[in-house]
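Positions 101 to 355 (the working numbering) are the ones given, in order, by the sequence shown.
What follows is a single structure, written as structure tokens, with notes after it.
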Amino acid sequence: MSDTSNPIAVVTGASSGIGAASARRLAADGFHVIAAARRADRLDGLVKEIAAAGGSAAAVTLDVTDDASVAALAEAVGGPVTVLVNNAGGAHGLDPVESGTVADWQLMYDVNVLGTLRVTQALLPALEASGKGTIVVIGSTAAFTAYEGGGGYAAAKHAQTALTGTLRLELNGRPIRVVEIDPGMVKTEGFSLTRFDGDAARAEAVYKGVDEPLLAEDIADCVSWVATRPHHVNIDRLVVRPLAQAAQHKVHRTG
């Protein structure tokens, strides 16, 4: 997968948003990036962009909800992995618990929680083989704060946090760090569109009047920072919000 001596970083959900930004940043940091996601055409464009900027990257088509796809990713990587960024995730719907669909809740759990589980299990041997592995889990402030309409997403992110904390305990004494990054309001091209099933007006309304929400590059900067600390330094949890957002339900809006 890599014809360089660069350490390998695997990024899931790399076709857009935080995943794509993290892939670019880690490549700029000197990693050979394995960009993994479902949308192969976007991955190919990302890999070409990284190469044009002087970085090293390769694309692997990945569905984190599919065991065979995850196994194929591990086989494609083929060697020691220094950094794994479990970024694939997302929210579906903003319905109250009373009327939320089981299918939406199931999908959010399968992607955010079981997707993290599948990829982490598959790549743990490669992370340990590196002698200095780091697992970065992209969570959410929904992982510790519930809000109306966010029951399914908050439940999934709470579970993802439980998985992450348990993993850190279980890997204690082995050369693998476990880091959780919990962003607040991040404006990306896909998150809210996915949540609202492609309704662009509803997606844009989330950020209406918010002065400078976070961007994907802000979170990629955090990924780079935690991944490049001296290996004896473990940043357990990093909570990142825009200045305009004091809490899930407290956002300053102008106009």
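The beta carbon of each residue, even a glycine, is placed where N, CA and C say it ideally should be.
Beta-ladder partner(s) of residue i, from DSSP
i	result
Asp-282	Val-339
Ala-316	Answer by DSSP bridge pairing: none, since Ala-316 is not bridged.
Gln-345	Val-351
Thr-234	Val-183 and Arg-277
Ile-134	Val-110 and Ala-158
Chain-order list of residues whose beta-carbon lies under 7 Å from that of residue i (same chain, five-residue window excluded)
i	result
Lys-357	No statement about residue 357 is possible, as the shown extent of the chain runs from 101 to 355 and does not include it.
Asp-129	Ser-324 and Thr-328
Ala-222	Val-170, Ala-171, Leu-173 and Ala-174
Tyr-253	Ala-191, Met-208 and Ala-242
Exposure label - residue i; buried when at least 16 CB within 10 Å
i	result
Asn-334	exposed
Thr-266	exposed
Ser-122	buried
Lys-308	exposed
Lys-287	buried
Gly-215	buried
Thr-264	buried
His-192	buried
Ala-320	buried
Gly-251	buried
Glu-198	exposed
Glu-270	exposed
Assumed close pair residue i, residue j - CB separation to whole angstroms, cut-off 8 Å
i	j	result
Gly-249	Pro-196	6 Å
Leu-162	Leu-173	5 Å
Asn-187	Ile-235	At roughly 12 Å, the Cβ-Cβ gap does not stay under 8 Å, so Asn-187 and Ile-235 are not in contact.
Ala-136	Val-110	6 Å
Thr-294	Gly-190	5 Å
Ala-176	Val-160	5 Å
Gly-154	Ile-108	Incorrect: roughly 17 Å between the Cβ atoms, too far for contact.
Val-339	Asp-282	5 Å
Residue i, enclosing alpha helix (DSSP H) - first and last residue
i	result
Thr-112	That residue, Thr-112, is in no alpha helix (DSSP H); its beta strand (DSSP E) goes 108-112.
Thr-264	251-270
Thr-161	Looking at the DSSP string, Thr-161 is not in any alpha helix (DSSP H); the run it does join, the beta strand (DSSP E), is 156-161.
Asp-210	Segment: none, Asp-210 is in no alpha helix (DSSP H) and carries neither H nor E.
Gly-119	117-128
Val-147	140-152
Glu-304	300-305
Leu-173	167-177
Contacting residues, own chain, Cβ-Cβ under 6 Å from residue i (five flanking each side not counted)
i	result
Leu-194	Gly-249
His-331	Lys-232
Arg-139	Ser-115
Arg-341	Gly-284
Sequence-distant residues of its chain with Cβ nearer than 8 Å to residue i (five each side left out)
i	result
Ala-120	Ala-114, Ala-135, Arg-142, Leu-146 and Ala-316
Ser-156	Ser-102, Thr-104, Asn-106, Ala-127, Phe-131, His-132, Val-133 and Ile-150
Ile-276	Leu-224, Leu-227, Glu-228, Gly-233, Thr-234 and Ile-235
Ala-344	Met-285, Val-310, Asp-311, Glu-312, Pro-313, Val-351, His-352 and Arg-353
Glu-289	Ser-116 and Gly-117
Chain D within 8 Å of residue i, Cβ atoms only
i	result
Glu-270	No chain D appears in the structure shown, which is made up of a single protein chain.
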